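In UniProt numbering, the protein residues as written are 1 to 278. Where is the CB? At the ideal position from N, CA and C, for every residue including glycine. Note that the coordinates shown come from a computational prediction; the quantities given were computed from them, not determined experimentally.
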Amino acid sequence: MPKISVILPVYNGEDYLEASIQSVRDQTFIDFELIIIDDCSQDSSSHIAQEFAKIDPRIKYFRNETNLKLPRALNRGFSLARGDYWTWTSCDNTYKPLALETLAKYLDNQPEIDFVYSDMDLINEMDQITDFISAGPASDIIFRNVVGACFMYRRQIGEQIGLYNDALFLCEDYEYWLRIALQRKILPIHENLYRYRRHTKSLSEQHQQKIIARGLSVQRKFAPLFLKSRKDFAVFYAHVRARDVFNPFRQLYLLYVLYYSPTIFFKELLGLIKRRFL
């Protein structure tokens with residue numbers, strides 16, 4: 001049995017799929033399986049994936065008969081996973097060579113940790129680095145998605161937490177991380193192991209408004225489970241106000257901030273005045 005299962009869902013991802021698959025094959029850690037779930041692509045993704053499967057027995061290719069969307073594609077992939085450690089990647093992103101080895105090492109050496117996630121580069125269509133994202137502190141996960149796109153967790157956790165929520169397409173990952181963080185210890189790794197691509201065809205770029213709206217809905221649902229003090233709730237609604245950029249009435253969140261902490265409210269109000277008038 002492989003130690004690590006990597007799930008790679010793809011839908012019409014021909015532009016970057018080859019690079020994504022090759023980045024898994026180029027890992028210093030070789031005891032993995034790569035399970036590609038083709039979500040009924042209409043471009044050459046199927047051909048690209050199957051060609052790799054022919055030359056590398058660690059790669060398995062499966063095609064959905066209909067387009068199931070990302071959460072259900074992930075669920076199918078993990079139902080086939082045999083590894084002790086689980087992760088998934090996207091068809092337009094790439095791992096750096098030490099990624100799997102490093103993530104697995106932290107899980108090996110710290111049995112009390114069940115989920116790890118790392119720093120990553122942001123890249124553009126031309127593979128040029130445009131920014132850097134540091135893995136945020138685990139304590140901030142209710143305020144924002146600190147996990148990013150490079151992570152690994154124990155098989156037992158995936159089996160315990162269950163399926164990705166197929167009603168939360170575009171936000172299925174963040175909700176899943178919150179479910180894990182409620183029950184298990186998660187750890188940021190400050191090593192740069194991944195390249196996350198921003199481009200006009202990506203889901204995150206095409207559906208920004210929906211992603212934000214669904215993410216905020218998930219945050220409000222989980223907030224009472226994470227937050228303990230009035231100050232925590234004030235900080236939470238300050239984050240919500242900052243994030244809800246498509247809402248013309250988002251400044252009303254300041255009323256929640258005022259209710260929970262006048263001190264934080266006046267800090268937020270002062271910052272707003274400075275940005276508007278100074």
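Got a sec? Which residues, its chain only, sit under 7 angstroms from E125 by beta carbon, not counting five neighbours each side?
Only H199 meet the Cβ criterion.
Can you give the beta carbon distance from S41 to Y11, rounded, assuming they're within the 8 angstroms contact cut?
Contact check for S41 and Y11: beta-carbon distance about 5 angstroms, within the 8 angstroms limit, so the pair qualifies.
What separation, rounded to the nearest whole angstrom, lies between the Cα atoms of N145 and Y174?
Approximately 6 angstroms, taken between the alpha carbons.
Whole angstroms is fine: what's the gap from F266's alpha carbon to I133's?
Spanning the two alpha carbons is a distance of roughly 30 angstroms.
Report all residues from its chain with a CB closer than 6 angstroms to the CB of I59; omit the five preceding and five following residues, and keep chain order.
Closer than 6 angstroms at the Cβ level, and outside the excluded window around I59, lie L34, F52, A53.
Beta-carbon spacing of I161, Y176 below 8 angstroms
Yes, they are a contact pair.
Quick one: using the 10 Å Cβ neighbour count with 16 as the cut-off for buried, is D121 buried or exposed?
Buried, since its Cβ has 16 or more Cβ neighbours within 10 Å.
Since T130 and S23 are thought to touch, with beta carbons under 8 angstroms apart, how far apart are those beta carbons, to the nearest angstrom?
Incorrect: roughly 18 angstroms between the Cβ atoms, too far for contact.
Which partner residues of T87 appear in the DSSP bridge assignment?
DSSP lists V6 as partners of T87.
To the nearest angstrom, how far is it from the Cα of R230 to the Cα of D140?
Rounded to whole angstroms, the gap between the alpha carbons of R230 and D140 is 16 angstroms.
Compute the Euclidean distance between the alpha carbons of V245 and I55, then round it to the nearest angstrom.
Straight-line Cα distance between these residues: approximately 47 angstroms.
Pick out the complete beta strand (DSSP E) segments inside the segment 98–162, 3 residues or longer, and give them in chain order.
Along the segment 98–162, the beta strand (DSSP E) occurs as fully enclosed runs of 3 or more residues at 115–123, 129–133, 151–154, listed in sequence order.
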